[in-house]
Amino acid sequence: NDPKLNELQDEINYLKRLSECENILKFHGLVRRNTSLSVIMKWGEYKLQPYLEKYLNMEWTKKLLIARGIADALNFIHTNNILHYDIRSDNIYLDILLQPKLCGFRIAKDSPIIMNSANDKTNSRWTPPEKFREEEYTKASEIYSFSLILWEIINHKLPFHTVDPKDIKIKVLNGEHPQPETINNVPVEYQEIMKKGWDSNPSKRPTIQKVSNVLNKLDSELHGVKIGGYDDNFLSPKAAAFKDDASFEDDASSIQSDNSCVSYNADLNVTHHFAKKSKVLDKFNPFRKHLDIEEAIKLHNRRQYKKAWKLFKAIEVKTGSPEAKFCVGYYYLKGHHEGRGGKPDPDSSLKYLYQAAKEGQRNAQYWYAEVILNSNYNLKAQKDDRNHQLAIQYLEKASNQGCISAMRDLGEIRKKGKYGCPPDKYVGKDLINKARTLSLLCTFD
1 NDPKLNELQD
11 EINYLKRLSE
21 CENILKFHGL
31 VRRNTSLSVI
41 MKWGEYKLQP
51 YLEKYLNMEW
61 TKKLLIARGI
71 ADALNFIHTN
81 NILHYDIRSD
91 NIYLDILLQP
101 KLCGFRIAKD
111 SPIIMNSAND
121 KTNSRWTPPE
131 KFREEEYTKA
141 SEIYSFSLIL
151 WEIINHKLPF
161 HTVDPKDIKI
171 KVLNGEHPQP
181 ETINNVPVEY
191 QEIMKKGWDS
201 NPSKRPTIQK
211 VSNVLNKLDS
221 ELHGVKIGGY
231 DDNFLSPKAA
241 AFKDDASFED
251 DASSIQSDNS
261 CVSYNADLNV
271 THHFAKKSKV
281 LDKFNPFRKH
291 LDIEEAIKLH
301 NRRQYKKAWK
311 LFKAIEVKTG
321 SPEAKFCVGY
331 YYLKGHHEGR
341 GGKPDPDSSL
351 KYLYQAAKEG
361 QRNAQYWYAE
371 VILNSNYNLK
381 AQKDDRNHQL
391 AIQYLEKASN
401 QGCISAMRDL
411 GEIRKKGKYG
421 CPPDKYVGKD
431 LINKARTLSL
441 LCTFD
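Residue numbers (full-length UniProt numbering): 1 to 445.
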């Protein structure tokens, strides 16, 4: 019956609900220290704006990936009639795969317990004119702020970077906005939707669904060309032009690994490992086309999970490689085998993760341990202490191979003495600090 506790529970439930979206920074819980409460969120590798300032020659594909991820987060909250109240690049983290994670949500209350109030002052660089005029704040207000982030992504600068902060309000109320600059390789459609987003009249701004549609269309045009009448067959533009076997030349980006490892490419060695095996694979009907894990990963990164799943599964059947087994196990774990929003199947996942882990695949070793040691799954395998011991062994092996999250988790286990491990705070802290150092070194890649 304590109103403060009720309010706290409401805010916790609110943050948990937001965590359902993979482009919103995940809320893990609270820690109480004496009389204070600390919110525990998922680790974010980089903040968006410092990353943009550091990597001035970022490829357009990565910029589009970031823009689409932020749009997905906004689409999620707006579909659920939720407002963020403070959209700016400071409230966007990037994971190690450059997937954006929106954070810093505010709540429309004067004195929230663990969140900030929507009534508190926000940074003027991203503030829409209607908020300066103390008019109603709506979804369109957040489109305005997002359009400035779209400008940041292609210009690598803060909006109004040459303007004194105290003068920004006057310029915004006068209808001024950052000046679009001529930038190579930025499609006209991107620039047009960006300009529409910062229109002074909120009713003339596009919805987030409209923005998402434009960004997704650009991504489809950039990455793949659909041929014939078959939805499951995509070739790179170069391969399609020559009617050749699929030969993807883009970076083989990672399957979303929740920061589990420094580099997924280092684990899979997809370019070299599968280039050798592809010569002996059967052709993929109906076209003369090799099963190609790089193609599957491209489809995954475009979130075309059903298409990626078919390839991952076919490659696993044909090659039996630990990399393919990991991909199949990961898809079962995340529910991607059913497409976006699919139901996870951790039991099936464990079978494949275990097989790949036995063969030394470090991502699989980490995720096998993650499932076994996570009580939320409530699996039969978790009740066997021998599996706990095996999970610790796999964490150690993954850590020794440079898996950052395995190193961090193992450090926590050793520090606290969990799962039968004797407590050793010095070894634990050393592992945690090493993981943190490796994370920082990733910024120099």
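All C-beta atoms, glycine included, are put in the ideal place defined by N, C-alpha and C.
Could you check where the beta strand (DSSP E) with tyrosine 93 kicks off and where it finishes? The residue labelled residue 93 in the question sits at position 93 within the sequence shown. Segment 92 to 94, the beta strand (DSSP E) holding tyrosine 93.
Over what stretch of residues does the beta strand (DSSP E) that includes arginine 33 continue unbroken? Locating residue 33 in the sequence shown gives position 33, where the first residue counts as 1. In the DSSP annotation of this structure, the continuous segment of the beta strand (DSSP E) that includes arginine 33 starts and ends at 27 to 33.
In chain order, which alpha helix (DSSP H) runs of at least 4 residues are fully inside the stretch 179 to 224? Those alpha helix (DSSP H) runs which fall completely within the stretch 179 to 224 and span 4+ residues are 188 to 197 and 208 to 223.
Three or more C-beta pairs closer than 8 angstroms, one from the stretch 166 to 175 and one from the stretch 55 to 70: is that the case here? no
For the alpha helix (DSSP H) holding lysine 131, just list the boundary residues, first then last. In the sequence shown, the residue the question calls residue 131 occupies position 131. Lysine 131 -> alpha helix (DSSP H) spans 129 to 132.
Does the stretch 129 to 143 come within contact of the stretch 152 to 166, defined as at least 3 CB pairs closer than 8 angstroms? Output reads no: the stretch 152 to 166 does not touch the stretch 129 to 143.
Going straight from the alpha carbon of lysine 358 to that of glutamine 209, what length do you get? Against the sequence shown, residue 358 aligns to sequence position 358. Against the sequence shown, residue 209 aligns to sequence position 209. Taking the straight line joining both Cα atoms gives about 44 angstroms.
Buried or exposed: threonine 79, going by 16 or more other Cβ atoms within 10 Å of its Cβ? Position 79 of the sequence shown, counting from 1, holds the residue named residue 79. Exposed is the call here.
Cβ atoms of phenylalanine 76 and cysteine 21: under 7 angstroms apart, would you say? Mapped onto the sequence shown, residue 21 falls at position 21. Mapped onto the sequence shown, residue 76 falls at position 76. Yes; because the gap between Cβ atoms is below 7 angstroms, this pair is in contact.
Give the straight-line distance between the Cα atoms of glutamate 294 and asparagine 201, rounded to the nearest whole angstrom. Here residue 294 refers to the residue found at position 294 of the sequence shown. Here residue 201 refers to the residue found at position 201 of the sequence shown. The alpha-carbon atoms of glutamate 294 and asparagine 201 are separated by roughly 45 angstroms.
Do you know offhand how far proline 206's Cα is from leucine 15's? In the sequence shown, counting from the first residue as 1, residue 206 sits at position 206. In the sequence shown, counting from the first residue as 1, residue 15 sits at position 15. Roughly 27 angstroms separates the two Cα atoms.
Per DSSP, which residues does leucine 102 bridge with? Please list them. As a working note, residue 102 is residue 102 in the sequence shown. BP columns for leucine 102 point to Ile24 and Ile92.
Count Cβ pairs between the stretch 345 to 352 and the stretch 302 to 314 that sit closer than 8 angstroms; are there 3 or more? no
For leucine 299, which residues of its own chain have a beta-carbon under 6 angstroms away from its beta-carbon, when the five flanking residues on both sides are left out? Walking along the sequence shown from the start, residue 299 turns up at place 299. Correct list, in chain order: Lys307 and Ala308.
If leucine 395 sits next to tyrosine 366, beta carbons under 8 angstroms apart, how far is it from one beta carbon to the other, in whole angstroms? Within the sequence shown, the letter at position 395 stands for residue 395. Within the sequence shown, the letter at position 366 stands for residue 366. About 7 angstroms; that satisfies the 8 angstroms criterion.
With a floor of 4 residues, list each alpha helix (DSSP H) that falls wholly inside the stretch 362 to 407, ordered by position along the chain. Taking only runs of at least 4 residues, the alpha helix (DSSP H) segments lying wholly in the stretch 362 to 407 are 362 to 372 and 385 to 400.
How big is the Cα-Cα spacing for histidine 84 and glutamate 130? In the sequence shown, the residue the question calls residue 84 occupies position 84. In the sequence shown, the residue the question calls residue 130 occupies position 130. Using only the alpha carbons, I get a separation of about 16 angstroms.
Applying the criterion that 16 or more other CB atoms from any shown protein chain within 10 Å of the CB defines a buried residue, is glycine 320 buried or exposed? The count along the sequence shown starts at 1 and reaches residue 320 at position 320. So glycine 320 ends up on the exposed side.
Proximity winner among Tyr93, Asp199, Leu158 and Leu64, relative to asparagine 23 (alpha-carbon distances): Here residue 23 is taken as the residue at index 23 of the sequence shown, counted from 1. With distances taken between Cα atoms, asparagine 23 lies closest to Tyr93.
Can you check which of these residues, Ile87, Gln179, Tyr190 and Lys166, is closest to tyrosine 137 by C-alpha distance? Reading the sequence shown from its first residue, position 137 is the one you call residue 137. Comparing Cα positions, the closest option is Ile87.
Buried or exposed: which applies to leucine 102, given that a residue is buried once 16 or more other Cβ atoms fall within 10 Å of its Cβ? Position 102 of the sequence shown, counted from the start, is the residue given in the question as residue 102. Buried: at least 16 other Cβ atoms inside 10 Å.
C-beta atoms of proline 187 and leucine 218 nearer than 7 angstroms: Along the sequence shown, one-based indexing puts residue 187 at 187. Along the sequence shown, one-based indexing puts residue 218 at 218. Going by C-beta atoms, proline 187 is nearer than 7 angstroms to leucine 218.
Nearest-angstrom Cβ-Cβ length linking glycine 44 and aspartate 95, presumed shorter than 8 angstroms: Reading the sequence shown from its first residue, position 44 is the one you call residue 44. Reading the sequence shown from its first residue, position 95 is the one you call residue 95. So it is a contact: roughly 7 angstroms between Cβ atoms.
What whole-angstrom Cβ distance do histidine 388 and isoleucine 404 have, given they're in contact under 8 angstroms? Residue 388 sits at position 388 when you count from the first residue of the sequence shown. Residue 404 sits at position 404 when you count from the first residue of the sequence shown. About 22 angstroms; that fails the 8 angstroms criterion.
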